[in-house]
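Right, one structure below, let's go through it.
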Amino acid sequence: MTTAVDITLLDLPNGEVNTEESVLDKYGYDEWTQEETSRTLPRAVVFAESIADVQAVLRFASEHQIAVVTQGSRTSIVNGSSALSDGIILSLARMNHIIDIQIENQLAIVEPGVLNGTLDEAARKFDYFYAPDPGSKPISTIGGNVATNAGGMSSLKYGTTKQAVLALKVVLASGELIEVGAPVLKNTAAYNLLDLFVGSEGTLGVIVEITVRLLPIPYGASVTGLATFNSMQDLTYAVQRIQASGLYPSMLEALNRVSIEALDQYENLDLGARGSQALLIFQLDVAVDGALEVAKQELQAAGAVKVDVTADVERTKEIIKIRQDVFKAGAQYGRLIVEDIAVPLGSLATVVARAEEIAEKYQQRLLLLGHAGDGNLHPDFILESTEGPIPAELDAAIAELLTYVISVGGTVSAEHGIGSLKKKWVDQQLSPAVVQLQKQIKQVFDPQGILNPERKV
4 MTTAVDITLL
14 DLPNGEVNTE
24 ESVLDKYGYD
34 EWTQEETSRT
44 LPRAVVFAES
54 IADVQAVLRF
64 ASEHQIAVVT
74 QGSRTSIVNG
84 SSALSDGIIL
94 SLARMNHIID
104 IQIENQLAIV
114 EPGVLNGTLD
124 EAARKFDYFY
134 APDPGSKPIS
144 TIGGNVATNA
154 GGMSSLKYGT
164 TKQAVLALKV
174 VLASGELIEV
184 GAPVLKNTAA
194 YNLLDLFVGS
204 EGTLGVIVEI
214 TVRLLPIPYG
224 ASVTGLATFN
234 SMQDLTYAVQ
244 RIQASGLYPS
254 MLEALNRVSI
264 EALDQYENLD
274 LGARGSQALL
284 IFQLDVAVDG
294 ALEVAKQELQ
304 AAGAVKVDVT
314 ADVERTKEII
324 KIRQDVFKAG
334 AQYGRLIVED
344 IAVPLGSLAT
354 VVARAEEIAE
364 KYQQRLLLLG
374 HAGDGNLHPD
384 FILESTEGPI
394 PAELDAAIAE
404 LLTYVISVGG
414 TVSAEHGIGS
424 LKKKWVDQQL
434 SPAVVQLQKQ
444 IKQVFDPQGI
454 LNPERKV
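Okay, so the sequence shown: first residue is 4 according to the numbering used here, each after it adds one.
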């Protein structure tokens with residue numbers, strides 16, 4: 004990459020090029036990445052306000068071979084959008100408009116900087132909703148969600164971001180604007196380039212407009228509940244029974260003993276009053292006659308100690324808040340090093356047991372939670388020190404856990420992306436042929452390697 008170019012030569016139609024040191028420092032890192040990474044100042048932070056701005060930036064960067072890292076709301080956990088030495092940070096935060104909501108077509112067209120929660124609130128005014136609901140829903144952008152194929156609590160029933168995206172406008176490294184997908188529910192006219200960009204983490208192009216599917220709010224009553232168990236193994240058995248029952252839950256969230264203790268302290272609850280070792284939060288967003296009874300029977304048959312179910316709107320909000328607050332609750336104890344694995348459903352119980360064994364072996368405190376219904380777990384290790392590098396014993400624990408996950412056919416990243424922190428695991432999880440093919444795809448879309456280099460591939 005070149006370094007001898009005057010950044011003031013970058014001329015934007017609408018946006019701003021900022022080189023103030025305080026701004027470079029603020030936007031130079033991902034504030035949600037908890038593992039210590041080197042702080043690097045970018046050459047400039049560009050606040051794009053239009054597609055033309057993005058095109059101008061990429062044409063300039065391509066001409067002068069300058070690295071470009073795209074940012075939304077800077078919530079990457081895997082250091083996926085922090086500054087690279089002498090590169091440009093391209094912030095899309097100001098491209099935050101809902102362009103159109105077309106209820107007749109059950110879709111919305113948005114700019115990448117629109118917050119997930121903002122779009123969902125707008126859709127609900129028409130009795131529709133936006134299904135993808137990552138834990139970062141109030142603060143993460145649709146563009147960032149698309150870049151990482153974000154999931155969430157309702158992914159079990161409605162899928163990840165990929166299932167919601169119909170079309171994209173993308174600016175390539177050359178500055179060329181392309182459109183992939185279409186505002187229709189079925190489309191086989193071209194190779195599926197749409198899915199190629201979803202989850203590509205800004206390494207193939209910059210997503211500048213997104214067409215997403217909206218769904219009508221389900222008709223009928225919903226049921227939400229809590230169930231406690233004597234072990235995480237009992238809980239995973241209950242998950243299997245619920246899924247095989249034909250109830251089609253929209254949420255099956257698992258939390259271990261450390262999570263329960265943290266929540267009890269953070270929210271002044273008594274979830275662990277009976278010595279419960281595991282907690283399941285579940286929801287049926289459409290509960291047909293008899294569904295509640297079947298759910299209780301399946302949970303009790305799996306060894307549930309206590310089952311608390313409600314159809315009350317306010318109580319439902321309280322239960323959902325419990326799950327939403329678990330990261331904040333864990334952060335009471337120190338710094339969370341968040342992992343993001345997914346395993347085959349039949350391996351869920353053994354992986355849970357292995358994670359707890361590894362944590363005990365290396366004397367690490369483990370906040371274990373996740374979307375149990377789709378096999379996506381977040382083993383989060385708690386460090387008392389808020390700063391500094393990861394201790395050797397924790398690094399060893401993570402390495403042993405991820406190696407085991409790969410051995411059972413799982414993945415080291417389900418919904419958070421690869422970034423730079425997990426890049427070393429790509430070669431272990433993927434075959435050499437697939438690794439090489441990914442590099443060739445990157446070369447086609449970004450021949451000079453200026454788009455978020457050193458990440459993903």
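Quick reminder that beta carbons are idealized off the backbone N, C-alpha and C, glycines included.
Contact between THR414 and ALA307 is absent: CB atoms are separated by about 29 Å, not below the 8 Å threshold. With 16 or more neighbouring CB atoms inside 10 Å of its own CB, GLN37 falls in the buried class. Between PRO450 and ALA176, the alpha-carbon positions lie close to 8 Å from each other. Residue pairing from DSSP leaves PRO16 without any beta-bridge partner. Secondary structure within the stretch 308 to 361: the beta strand (DSSP E) runs of 3 or more consecutive residues, fully enclosed, are 309 to 313, 338 to 341 (chain order). Between VAL49 and LEU93, the gap from beta carbon to beta carbon is short of 8 Å.
Looking at the DSSP output, LYS172 bridges to GLU182, GLU212.
The beta carbon of LEU199 lies closer than 6 Å to none in the same chain, with the five residues before and after it left out. Beta-bridge annotation (DSSP): GLY420 is not paired with any residue. Out of GLU396, LEU217, GLN300, the CA that lies nearest to the CA of LEU110 is found in LEU217. With fewer than three CB-CB distances shorter than 8 Å, the stretch 186 to 195 does not count as touching the stretch 394 to 413. Here the alpha carbon of GLN441 sits roughly 11 Å from the alpha carbon of LEU207.
Take GLY147, set aside five residues on each side of it, and the residues of its chain with a beta-carbon closer than 6 Å to its own are GLY75, in chain order.
With contact defined as three or more Cβ pairs closer than 8 Å, the stretch 113 to 126 and the stretch 25 to 45 are not in contact. Of all alpha-carbon atoms in LEU386, LEU171, ALA47, the one lying nearest the alpha-carbon of ALA70 is that of ALA47.
Measuring C-alpha to C-alpha distances from PRO347 to each of GLU418, THR78, SER410 identifies SER410 as the nearest.
HIS374 is a Cβ neighbour of GLU256, given a cutoff of 8 Å. In the three-state scheme derived from DSSP, where H, G and I count as helix and E and B as strand, HIS67 is classed as helix.
Rounded to whole angstroms, the separation of the alpha carbons of ARG77 and VAL341 is 16 Å. Using a Cβ distance threshold of 8 Å, ALA167 and PRO137 do not count as a contacting pair.
Ranked by Cα distance from VAL289, the first of ALA276, GLN280, MET254, ILE323 is MET254. Put simply, of GLN243, GLU19, THR353 the residue whose alpha carbon is nearest the alpha carbon of GLN303 is GLN243.
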